[in-house]
Amino acid sequence: MAYYRRVGNVPPKRHTQHRTPEGGLYFEELMGEEGFSSDSSLLYHRHIPSAIVDAQPWEPPSLDVVPNHPLRPRHLKTHDLTQDWKAQDAVTGRRLLLGNDDVRLSYVAAGESSPLYRNAIGDECVYVESGAGTVETVFGALPVRQGDYAVIPRATTHRWVPEGNEPLRLYCIEASSHITPVRRYLSKFGQLLEHAPYCERDLHGPEGLLEVDGEDVEVLVKHRGARGGITGTRYVYPRHPFDVVGWDGCLYPYTFNIADFEPITGRVHQPPPVHQVFEGTNFVICNFVPRKVDYHPLSIPVPYYHSNVDSDEVMFYCGGDYEARKGSGIGQGSITLHPGGHAHGPQPGAYERSIGAEFFDELAVMVDTFRPLQVGEGGQASEDEAYAWTWAGGRK
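Per full-length UniProt numbering, the sequence shown starts with residue 1, numbered consecutively.
And the structure:
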């Protein structure tokens with residue numbers, strides 16, 4: 001995110017001596033993307049950030065997938081996966097729903113604080129369905145609440161700390177690339193433009209620094225393995241990695257709340273790109289928010305039937321009353337997969353019922369992928385197998 005921030009104690013000039021009150025040196029770490037050619041930040045540590053005293057294998061939650069074959073639309077009930085949320089954390093408790101080589105979609109309801117964690121595969125965009133908490137990071141504390149997207153850059157050491165007596169319900173979008181604001185929303189220098197549905201004022205970075213002390217601290221690292229696979233390592237650091245006294249730059253975790261997205265509407269039904277909020281390599285993230293709908297006198301406000309020629313479409317229903325899906329069994333926490341090669345659209349009756357509507361009170365997060373998605377362990381465990389036949393009145 002090319003939006004400069006400065007927190008804490010940094011020297012006047014980068015890559016120069018930065019001394020402690022006692023006369024020693026702080027240790028400068030450059031965290032940068034694309035091999036020194038893109039966004040970066042400089043962090044100043046009290047201890048050497050590369051020092052480790054142990055490294056052991058760590059097995060991340062299951063990433064096994066099976067093909068969506070025979071090809072069919074699917075409905076996943078994520079809340080069926082979360083009965084034991086009080087004993088789960090937001091990292092090791094994730095259940096993989098859908099995935100391919102570009103992006104993995106997981107769900108978790110957490111009641112426990114997570115271990116320290118670093119995803120070295122790609123950026124994460126985590127949507128908070130409900131609950132509240134803090135993402136403690138090497139950049140500082142990042143409060144999260146219902147409706148927040150938390151965008152966490154690749155290789156950021158962090159942990160999730162739930163608050164209160166309710167589960168912290170998270171929809172986790174893990175990329176194999178970086179996740180950024182939409183390019184068409186940005187100037188050539190990275191400023192969000194006037195036609196963008198949000199601006200820099202809506203983005204919230206870490207608040208303050210943590211400066212935690214401690215010895216022999218474990219960090220779970222998800223990283224690339226053999227033959228393009230994903231594996232994990234458990235590092236032990238001699239001193240706590242949250243020892244940063246200051247940082248500055250354009251690369252850091254931030255939140256954006258879905259309520260700050262300003263919907264783009266028109267006289268007739270607008271296509272899904274008007275709902276886009278972020279993008280990664282070979283996928284996009286969109287959101288559907290409460291909004292006025294089409295105002296042409298002959299408009300049909302719900303979506304027209306459409307064939308996904310180039311993409312698989314995944315919808316996460318996270319609030320309101322989704323007009324086009326009435327009669328399908330979809331509710332709060334549902335996820336649908338409509339794969340490329342399958343024409344889909346409103347449920348029977350929704351087309352006609354929508355005529356004359358002026359406002360839709362619905363909330364959903366959509367991920368469109370440009371390579372086919374396969375079904376993970378969590379997807380198989382939560383599937384409503386009757387969904388594919390609902391357009392035909394339930395007849396298989």
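Even glycine gets a Cβ: it sits at the ideal position worked out from N, Cα and C. As the structure is a computational prediction, the values presented were derived from the model and not from experiment.
Span of the beta strand (DSSP E) holding residue i?
| i | result |
| --- | --- |
| Q56 | D54 to P57 |
| Y254 | Y254 to N257 |
| R95 | R95 to G99 |
| S40 | S40 to H45 |
| N287 | F283 to F288 |
| Y317 | D312 to G320 |
| L30 | F27 to G32 |
| D102 | Counting along the chain, D102 falls outside any beta strand (DSSP E), and DSSP gives it neither H nor E. |
| V245 | V244 to G249 |
| V7 | R5 to G8 |
Under 8 Å between the Cβ atoms of residue i and residue j?
| i | j | result |
| --- | --- | --- |
| E33 | L168 | no |
| L76 | L43 | no |
| I152 | E124 | yes |
| W247 | S41 | yes |
| A381 | L81 | yes |
| E136 | R159 | yes |
| T281 | S176 | yes |
| F360 | P290 | yes |
| P181 | I264 | no |
| R118 | T92 | no |
| V219 | Y237 | yes |
| S62 | E377 | yes |
| T255 | A150 | yes |
| V293 | I285 | no |
| G205 | R154 | no |
| P372 | P339 | yes |
| N287 | I258 | yes |
| G133 | V161 | yes |
| Y107 | C172 | yes |
| V245 | G24 | no |
| V274 | H296 | no |
| A350 | Y305 | no |
| P271 | M366 | no |
| A110 | L210 | no |
| L363 | G320 | yes |
Just mark residue i as buried or exposed, buried being the case when its beta carbon has 16 or more other beta carbons within 10 Å.
| i | result |
| --- | --- |
| K222 | buried |
| T336 | buried |
| H178 | buried |
| P67 | exposed |
| S334 | buried |
| E313 | buried |
| R74 | buried |
| F189 | exposed |
| D39 | buried |
| N165 | exposed |
| Y26 | buried |
| F139 | buried |
| T390 | buried |
| I242 | Note on residue identity: the sequence assigns Phe, not Ile, to residue 242. Buried, by the Cβ-count rule. |
| Q56 | exposed |
| D89 | buried |
| L193 | exposed |
| G379 | buried |
So what's residue i in DSSP terms, helix, strand or just coil?
| i | result |
| --- | --- |
| T16 | coil |
| H342 | coil |
| D260 | helix |
| V293 | coil |
| E362 | strand |
| A175 | strand |
| residue 399 | Residue 399 lies beyond the residue range present for the chain, which begins at 1 and ends at 396; the question has no answer from this structure. |
| H275 | helix |
| Y387 | helix |
| R371 | coil |
| R395 | coil |
How is the alpha helix (DSSP H) around residue i delimited, first residue to last?
| i | result |
| --- | --- |
| residue 418 | Nothing in the structure corresponds to residue 418, since the chain is present only between 1 and 396. |
| R267 | Element bounds for R267: n/a, residue is neither H nor E. |
| L353 | Correcting the residue identity first, residue 353 is Arg in this sequence and not Leu. Segment A350 to R353, the alpha helix (DSSP H) holding R353. |
Using a beta-carbon distance below 8 Å, is residue i in contact with chain B?
| i | result |
| --- | --- |
| G331 | Protein chains in the displayed structure number just one, and chain B is not present. |
Inset, instruction - Note down, one range per segment and in chain order, each beta strand (DSSP E) of at least 3 residues found wholly within the UniProt domain "Cupin type-2" (108 to 173). - result: With a minimum length of 3 residues, the continuous beta strand (DSSP E) runs that stay inside the UniProt domain "Cupin type-2" (108 to 173) are 116 to 119, 124 to 130, 132 to 137, 140 to 144, 148 to 152 and 158 to 163.
Inset, instruction - Only counting runs of 3 or more residues, tell me where the beta strand (DSSP E) segments fall wholly within the region 185 to 231, in order along the chain. - result: 215 to 224, all fully within the region 185 to 231.
Inset, instruction - Go through the region 67 to 94 residue by residue and report every complete run of the beta strand (DSSP E) that reaches 3 residues or more, in order. - result: Assignment of beta strand (DSSP E) within the region 67 to 94, counting only whole runs of 3 or more residues, yields 74 to 77 in chain order.
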